[in-house]
Amino acid sequence: MDTVRIAVVGAGVMGLSTAVCISKMVPGCSITVISDKFTPETTSDVAAGMLIPPTYPDTPIQKQKQWFKETFDHLFAIVNSAEAEDAGVILVSGWQIFRSIPTEEVPYWADVVLGFRKMTKDELKKFPQHVFGHAFTTLKCEGPAYLPWLQKRVKGSGGLILTRRIEDLWELHPSFDIVVNCSGLGSRQLAGDAEIFPVRGQVLKVQAPWVKHFIRDSSGLTYIYPGVSNVTLGGTRQKGDWNLSPDAEISKEILSRCCALEPSLRGAYDLREKVGLRPSRPGVRLEKELLAQGSRRLPVVHHYGHGSGGIAMHWGTALEATRLVNECVQVLRAPAPKSKL
Amino acid sequence: MLYSRTLLFIHSTYNSLHLLPPASHSAPPPTPSPLTTTSLNWNQQTFNYLLSLIGSPNAANMGLAPVSGYNLFREAVPDPYWKDIVLGFRKLTLRELDMFPDYSYGWFNTSLILEGRKYLQWLTERLTERGVKFFLRKVESFEEVAREGVDVIINCTGVWAGALQPDPLLQPGRGQIIKVDAPWLKHFIITHDPERGIYKSPYIIPGLQATTLGGIFQLGSWSETNNIPDHNTIWEGCCGLEPTLKDAKIIGEWSGFRPVRPQVRLEREQLRFGSSNTEVIHNYGHGGFGLTIHWGCAQEVAKLFGKILEERNLLRIPPSHL
Numbered sequence: 051m052d053t054v055r056i057a058v059v060g061a062g063v064m065g066l067s068t069a070v071c072i073s074k075m076v077p078g079c080s081i082t083v084i085s086d087k088f089t090p091e092t093t094s095d096v097a098a099g100m101l102i103p104p105t106y107p108d109t110p111i112q113k114q115k116q117w118f119k120e121t122f123d124h125l126f127a128i129v130n131s132a133e134a135e136d137a138g139v140i141l142v143s144g145w146q147i148f149r150s151i152p153t154e155e156v157p158y159w160a161d162v163v164l165g166f167r168k169m170t171k172d173e174l175k176k177f178p179q180h181v182f183g184h185a186f187t188t189l190k191c192e193g194p195a196y197l198p199w200l201q202k203r204v205k206g207s208g209g210l211i212l213t214r215r216i217e218d219l220w221e222l223h224p225s226f227d228i229v230v231n232c233s234g235l236g237s238r239q240l241a242g243d244a245e246i247f248p249v250r251g252q253v254l255k256v257q258a259p260w261v262k263h264f265i266r267d268s269s270g271l272t273y274i275y276p277g278v279s280n281v282t283l284g285g286t287r288q289k290g291d292w293n294l295s296p297d298a299e300i301s302k303e304i305l306s307r308c309c310a311l312e313p314s315l316r317g318a319y320d321l322r323e324k325v326g327l328r329p330s331r332p333g334v335r336l337e338k339e340l341l342a343q344g345s346r347r348l349p350v351v352h353h354y355g356h357g358s359g360g361i362a363m364h365w366g367t368a369l370e371a372t373r374l375v376n377e378c379v380q381v382l383r384a385p386a387p388k389s390k391l
Numbered sequence: 002m003l004y005s006r007t008l009l010f011i012h013s014t015y016n017s018l019h020l021l022p023p024a025s026h027s028a029p030p031p032t033p034s035p036l037t038t039t040s041l042n043w044n045q046q047t048f049n050y051l052l053s054l055i056g057s058p059n060a061a062n063m064g065l066a067p068v069s070g071y072n073l074f075r076e077a078v079p080d081p082y083w084k085d086i087v088l089g090f091r092k093l094t095l096r097e098l099d100m101f102p103d104y105s106y107g108w109f110n111t112s113l114i115l116e117g118r119k120y121l122q123w124l125t126e127r128l129t130e131r132g133v134k135f136f137l138r139k140v141e142s143f144e145e146v147a148r149e150g151v152d153v154i155i156n157c158t159g160v161w162a163g164a165l166q167p168d169p170l171l172q173p174g175r176g177q178i179i180k181v182d183a184p185w186l187k188h189f190i191i192t193h194d195p196e197r198g199i200y201k202s203p204y205i206i207p208g209l210q211a212t213t214l215g216g217i218f219q220l221g222s223w224s225e226t227n228n229i230p231d232h233n234t235i236w237e238g239c240c241g242l243e244p245t246l247k248d249a250k251i252i253g254e255w256s257g258f259r260p261v262r263p264q265v266r267l268e269r270e271q272l273r274f275g276s277s278n279t280e281v282i283h284n285y286g287h288g289g290f291g292l293t294i295h296w297g298c299a300q301e302v303a304k305l306f307g308k309i310l311e312e313r314n315l316l317r318i319p320p321s322h323l
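Line order of the protein sequences matches chains C and P.
Those letters in the first sequence? Residues 51 to 391, per my numbering, in order.
Those letters in the second sequence? Residues 2 to 323, per my numbering, in order.
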């Protein structure tokens, strides 16, 4: 049986986690991760990495819950191991607060996170502008540590990592048998996908080590996420904005909104501005496509478009992408029908 | 003008207050003997007072921040007296307990950390602003101070109170702690072992910057030096609880003495030196929960002080001219 040669395009959290899953679950294949950008320069490096999932309007809730649960379980196992610090995964507790009582008081993911409950009246006193809240413990998974950790695993299982900018997926033919496309916003060009667009997010990564809890306004626009060695303050949601340069006015405004929720942040120091473009789509693109050009065939598995839910959903969708890759491998390995011509 | 003896010990006090993390986390673990209603009130008053300061931009400068975490047990126990004092008290779920294989029961709650060093600095600044004077001096006796014309002595000499007035009920509860750099730890983890006794089971408490590891309690020991067996007990106990500690950098280690007493000595005493009476208000013997109840105690002392002033004023009312 010949080795099936798999190219994974993209080295953000999707590309790397898919490569790891494939190496574990698909026998008899070689994996090469190809990207022009690697950690710490990917979108995944800017993301705070909080496991609080968004809602994808086009995806059934059961599926979203499955993806989130698989990701949570995977990271929970890491956080309970001695590898937690290497992998950049930590446990963090906190509050999601609402200015008005939501129609859905208990979200679909309440039993995936730990210790989920409604905030008590006393807890809400800390947030006079808010009338309702969730208290729970979840995980934070930080790109700058997690991506190198995944890269180590890719290499450890014999995978290769290549720095190269791919302009067209056909460049990978015939060197590779299957392409896994994890190129995020790059798919606009690489996959001709007009549905994917950036949602610009600007954040401040600051020093405020006394902040031990996350605080998230339910709108998702204002949040305080304490991490391993800094606190992420956010944020913005600017649809269609491709600008990667930080805006000083926006930074001031983010700081002001966060200080309103957590006044001690006025003492935060060493503020660094970061911008990431969320690869947004009505739903995650998780499907096979057989590219054809003349007599050439190139099976592609698309795995991209997670918007603001990349880290929160990555392992679940990587597992699914891996199943699709397996299907492609089965097709390649099936004995070719002999032509009668 | 009130003389303060505490300044003499500021050096060791700064460290020893770090040493008392169950106190510095402002919600003591359950004590073997039931706490008195008075102590419960002091605990509540202190917690409420500190909680009201959360939300001030100065909270972190005071050494104050909210922190959540885990109290772990090997078997089911009744809820603690402080469950309604802290925030969001609840029992741990099975999935949470999976994180701690040696333990089968526990609590989760949100409490407060109050770091001794920063808090003392902050209090010193506030007192200085109000004209309080500080004298660095070793006081040998109450009499020495009384003879200088002091009206009221407030005795907060802690574990060393016996040097000023013998108190057989007061004993050092020696502790040793290791401070590490482990900024990824956001929760306190306090374990309980009723067989070994209080403060003798590993605990991990994240501070505003560094994280404190502890689990030593030796009643009657005055040993000021860190020792290796205790270091190993703490290190192994805490790494067993939290394996990622193996990556933590050790930044310091300290020994100190919890001022242990069956109950806090908070009372007035009149001492007679020569022809005058000197009022003393004792406020010492807070064991491992000083920070936890300090504000309630301070208010009680203030009340007693107020009574003294009232009594003295009565004595000074000029005789009636009628």
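We put the CB at the ideal spot given by N, CA and C, even for glycine.
So, residue i versus residue j, is the Cβ gap smaller than 7 Å?
i: residue 193(C); j: residue 354(C); result: no
i: residue 77(P); j: residue 104(P); result: no
i: residue 310(P); j: residue 269(P); result: no
i: residue 51(P); j: residue 137(P); result: no
i: residue 199(P); j: residue 70(P); result: no
i: residue 256(C); j: residue 318(C); result: yes
i: residue 48(P); j: residue 86(P); result: yes
i: residue 74(P); j: residue 93(P); result: no
i: residue 251(C); j: residue 277(C); result: no
i: residue 185(C); j: residue 89(P); result: yes
i: residue 62(C); j: residue 361(C); result: no
i: residue 258(C); j: residue 281(C); result: yes
Could you list which residues in chain C have their beta carbon closer than 7 Å to that of residue i, in chain order?
i: residue 248(P); result: 135
i: residue 109(P); result: 165
Counting only Cβ pairs nearer than 8 Å, list the residues of chain C close to residue i.
i: residue 62(P); result: 317
i: residue 135(P); result: Within 8 Å Cβ-Cβ: nothing; residue 135(P) doesn't reach chain C, min ~26 Å.
i: residue 207(P); result: 262
Could you check where the alpha helix (DSSP H) with residue i kicks off and where it finishes?
i: residue 255(P); result: Looking at the DSSP string, residue 255(P) is not in any alpha helix (DSSP H); the run it does join, the beta strand (DSSP E), is 250-261.
i: residue 171(C); result: 171-174
i: residue 228(P); result: Residue 228(P) -> no alpha helix (DSSP H), and no H or E assigned at all.
i: residue 112(C); result: 111-129
i: residue 189(C); result: Unbroken run through residue 189(C) is the beta strand (DSSP E), 182-191; no alpha helix (DSSP H).
i: residue 80(C); result: Note, residue 80(C): premise wrong, no alpha helix (DSSP H); beta strand (DSSP E) at 79-85.
i: residue 239(C); result: 237-240
i: residue 364(C); result: 360-383
i: residue 305(C); result: 298-311
For residue i, return the contacting residues in chain C, with the cut-off set at a CB-CB distance below 9 Å.
i: residue 210(P); result: 259, 260
i: residue 236(P); result: None at all; the shortest Cβ gap to chain C is about 15 Å.
i: residue 176(P); result: Simply none; closest approach about 23 Å.
i: residue 167(P); result: By Cβ distance, chain C contributes nothing, its closest Cβ being about 42 Å from residue 167(P), past 9 Å.
So which residues of chain P does residue i contact, with C-beta pairs closer than 8 Å?
i: residue 131(C); result: 244
i: residue 63(C); result: Here the premise fails: no neighbours, minimum Cβ distance about 19 Å.
Going along chain P in order, which residues have a C-beta closer than 7 Å to the C-beta of residue i?
i: residue 142(C); result: 187
i: residue 263(C); result: 67, 69
Should residue i be counted as a contact of the ligand FMN given a C-beta to heavy atom distance under 6 Å?
i: residue 267(P); result: Of the ligands one can find in the structure shown there are none, so the ligand FMN has no counterpart to examine.
Mind listing the chain P neighbours of residue i? Cutoff is C-beta to C-beta under 9 Å, in chain order.
i: residue 198(C); result: Ordered by position in chain P, no residue passes the 9 Å Cβ test against residue 198(C), which lies about 15 Å from the chain.
i: residue 314(C); result: 55, 56, 57, 58, 59, 60, 61, 62, 65, 66
Could you spell out the range, first to last residue, of the beta strand (DSSP E) harbouring residue i?
i: residue 284(C); result: 281-284
i: residue 175(P); result: 172-182
i: residue 280(P); result: 277-285
i: residue 164(C); result: 164-168
Examine chain B for any beta-carbon lying closer than 7 Å to the beta-carbon of residue i, and answer yes or no.
i: residue 238(C); result: Absent from the structure is chain B; the protein chains it does hold are C and P.
- [ ] For the region 165-184 of chain C, enumerate the residues whose C-beta is nearer than 8 Å to any C-beta of chain P, in chain order.
- [x] Listed by position along the chain: 165, 167, 169, 170, 172, 173, 176.
TODO: Check each residue of the region 86-106 of chain P: if its Cβ is closer than 7 Å to any Cβ of chain C, include it; give the result in chain order.
DONE: 88, 89, 91, 94, 96, 97, 100
Open item on the list: To be precise: take each residue of the region 179-202 of chain P, compare its Cβ to all Cβ atoms of chain C, and keep it if any distance is under 7 Å. Which residues remain?
Closed with: 184, 185, 187, 188
TODO: Evaluate the contact criterion for the region 201-219 of chain C versus the region 319-332 of chain C: three or more CB pairs, one atom per stretch, below 8 Å.
DONE: no
Open item on the list: Tell me which residues of the region 47-78 of chain P have at least one Cβ-Cβ distance to chain C shorter than 7 Å, keeping chain order.
Closed with: Those residues of the region 47-78 of chain P that come within reach of chain C (Cβ to Cβ, closer than 7 Å) are 55, 56, 57, 58, 60, 61, 62, 66, 67, 68, 69.
TODO: Report yes or no: do three or more beta-carbon pairs, one from the region 307-315 of chain C and one from the region 59-71 of chain P, lie closer than 8 Å?
DONE: yes
TODO: Examine the Cβ distances between the region 168-183 of chain C and the region 128-137 of chain C and report whether three or more of them are shorter than 8 Å.
DONE: no
- [ ] State whether the region 160-173 of chain C contacts the region 331-342 of chain C, with contact taken as three or more CB pairs (one from each stretch) at a distance under 8 Å.
- [x] no
Open item on the list: So, does the region 208-216 of chain P touch the region 173-186 of chain P, judging by three or more C-beta pairs under 8 Å?
Closed with: A contact is defined here as three or more CB-CB pairs under 8 Å, and the region 208-216 of chain P meets this definition with respect to the region 173-186 of chain P.
Open item on the list: Counting only Cβ-Cβ distances shorter than 7 Å, please list the residues of the region 269-301 of chain C near chain P, keeping chain order.
Closed with: 276, 278, 279
Task: Contact the region 260-280 of chain P vs the region 288-307 of chain P: 3+ CB pairs below 8 Å - done: yes
- [ ] Specify whether the region 64-74 of chain C and the region 153-162 of chain C touch according to this definition: at least 3 beta carbon pairs, one from each stretch, less than 8 Å apart.
- [x] no
- [ ] Report yes or no: do the region 139-151 of chain C and the region 265-274 of chain C share at least 3 C-beta pairs separated by less than 8 Å?
- [x] yes
- [ ] Count the CB pairs spanning the region 54-62 of chain C and the region 222-232 of chain C that are closer than 8 Å, and state whether there are at least three.
- [x] yes
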